[in-house]
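Below: one structure, written as structure tokens.
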Ligand SMILES: [Fe+2]
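Numbering (the working numbering), first residue to last: 7 to 485.
Right, here's the structure in full:
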């Protein structure tokens, strides 16, 4: 460990403006599994400068869609900027025209009213890709998902929520319930009386409100929990008042205040009835990512990547990242046990390693008991995410993939056809080689973390967040 050093990871935060419109065959080293014939669709910030200005935060950059299409032992790559309102206005005016996570538009355009409020809500969907109601959508943390064509990456327009679903803020980590054939998510409606709106979208496109929960100061929540029968919000004590958000004149996230005395508030809602079946309090913590949740006897078990506080948000400002500032804040895999009949919440650290961008065998284990978590780790203290980890929750063991100078992104688990074991399949991760200044798609055996193949992209791809593998494209054949 002592001989390892961090590289200049700031290279992962440089803008990429080159698009690859036609699918480009990538040279493959190693062998791709013959059964890997689907498509990996990802999104992420790719352009951080508009005119004279630079966005403030990693989460702000203009979204580019990335597509890796597999077949016949080959893989092609294509990419395209998402033609969102924020992107097209930036291109037309040469100015940052919509408010993002930590950047406000040019004041002369919109005055003091916060950019998060309509009609200036951004559709810069740079966080995740999902399939709502049979359509592929890119997502960000507003209520404007963007539809796009999974083959050409052409932007098709805003995904419309039907009344009574109306809010400003949402999350980019919807859950999918295989048994019910529905996605679940939530949005926040800010107002004199702010509300969380939990909702579902069926594979047939039908939308339904599950529950409406009044909230005094909405929390910043990047994701939420789902088990077989329940949805659970974990409100971190990073909260905002609607009035401050609207009139402070500060960028979105800077209106949220860390108030650890509020603790951690769990609200468990039954999917079928919309009824709140349990609320509970825990000690203050912060998280971006839930990992999984499941019912165990009379408890709801909720696993997430917990931080002591919300300082990680400040660590991800672009100026710091581009200067290779060592990252101090690290998340840990933590398990909460919420008694559904009331009582204290128990907390347990499942693995004492830094972990982020967690993935599981979602298809077989979402909302159910599970054993394995894959994610990115930090092998060199203070480094950016520089390794891929596999955590065995049952034994507490951690396996690693690490090569100096390589910075892997989120490892997406793809199960092998007819897989019997939970970890039978591969991981797909877009890795930046900061020495060669090139990215490649890495394919690891999910069980052993041994490399199966890598396919080099024509350029460096900036660090980004999330995506999903689609064995088949919704609408083309049944799921
Ligand atoms: Fe995320």
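Here a beta-carbon is modelled for each residue, glycine too, at the ideal position from N, C-alpha and C.
Given this structure, state the Cα-to-Cα distance separating residue i from residue j, to the nearest angstrom.
i	j	result
residue 241	residue 286	11 Å
residue 11	residue 384	11 Å
residue 471	residue 81	21 Å
residue 408	residue 394	7 Å
residue 61	residue 396	34 Å
residue 234	residue 307	12 Å
residue 161	residue 288	42 Å
residue 84	residue 45	11 Å
residue 459	residue 22	25 Å
residue 124	residue 180	Its pLDDT being 47, under 50, residue 124 is placed unreliably by the model, and the measurement read from it follows with that caveat. For residue 124 and residue 180, the distance between alpha carbons rounds to 22 Å.
residue 17	residue 212	43 Å
residue 370	residue 427	10 Å
residue 468	residue 303	44 Å
residue 14	residue 172	43 Å
residue 405	residue 238	30 Å
residue 91	residue 424	42 Å
residue 336	residue 318	8 Å
residue 204	residue 221	13 Å
residue 485	residue 42	Confidence is the limiting factor: at residue 485 the pLDDT is only 35, short of 50, which leaves the residue's position unreliable, though a coordinate-based value still follows. The straight-line gap from Cα to Cα measures roughly 16 Å.
residue 360	residue 267	25 Å
residue 29	residue 422	25 Å
residue 37	residue 452	15 Å
residue 188	residue 210	9 Å
Can you tell which of the options has the C-alpha that lies nearest to the C-alpha of residue i?
i	options	result
residue 130	143, 138 and 139	143
residue 236	275, 169, 189 and 226	275
residue 72	24, 112 and 54	24
residue 491	373, 288 and 156	Since the displayed the chain opens at 7 and closes at 485, residue 491 lies outside it and no answer follows.
residue 477	54, 136, 102 and 415	136
residue 378	356, 414 and 182	356
residue 186	232, 223, 343 and 148	232
residue 454	433, 444, 106 and 109	433
residue 323	40, 404, 32 and 65	65
residue 309	281, 321 and 344	344
residue 40	53, 78 and 70	78
residue 175	271, 197 and 88	197
residue 462	456, 452 and 448	448
residue 31	75, 152, 69 and 353	75
residue 182	390, 147, 139 and 227	139
residue 382	339, 373 and 372	339
residue 305	261, 333 and 375	375
For the alpha helix (DSSP H) that residue i lies in, which residues bound it at each end?
i	result
residue 91	91-99
residue 368	368-371
residue 248	248-253
residue 321	317-321
residue 327	324-328
Spell out the partners DSSP gives residue i in its beta bridges.
i	result
residue 421	431
residue 41	Paired residues: none, contrary to the question.
residue 355	340
residue 30	83
residue 51	69
residue 2	For the chain, the structure presents residues 7 to 485; residue 2 sits outside this window and is missing.
residue 106	Per DSSP, none; premise fails for residue 106.
residue 365	380
residue 288	270
residue 296	310
Where do the ends of the beta strand (DSSP E) carrying residue i lie?
i	result
residue 265	Where residue 265 is concerned, there is no enclosing beta strand (DSSP E), given that its DSSP letter is neither H nor E.
residue 382	378-383
residue 192	188-195
residue 220	213-221
residue 479	Looking at the DSSP string, residue 479 is not in any beta strand (DSSP E), and its letter there is neither H nor E.
residue 453	Premise fails: residue 453 is in no beta strand (DSSP E) and is neither H nor E.
residue 206	200-208
residue 154	152-154
residue 236	236-241
residue 408	Premise fails: residue 408 is in no beta strand (DSSP E) and is neither H nor E.
residue 144	141-145
residue 261	No beta strand (DSSP E) contains residue 261, which DSSP labels as neither H nor E.
residue 396	393-398
residue 161	161-164
residue 307	305-313
Would you say residue i touches ligand 2, meaning its beta carbon is less than 7 Å from a heavy atom?
i	result
residue 335	What this structure holds is ligand 1, not ligand 2.
Residue i CB to nearest chain C CB: under 8 Å?
i	result
residue 236	No chain C is part of this structure, which consists of one protein chain only.
task: Taking 8 Å as the threshold, find out whether the stretch 156-167 comes into contact with the stretch 247-260 through three or more Cβ pairs.
output: no
field: Contact the stretch 92-101 vs the stretch 44-51: 3+ CB pairs below 8 Å
entry: no
message: Below 8 Å, how does it come out for the stretch 252-261 and the stretch 211-225: are there three or more Cβ pairs, yes or no?
response: no
query: Three or more beta-carbon pairs under 8 Å between the stretch 354-364 and the stretch 293-304, yes or no?
result: yes
query: Does the stretch 312-332 come close enough to the stretch 425-437 to have 3 or more Cβ pairs within less than 8 Å?
result: no
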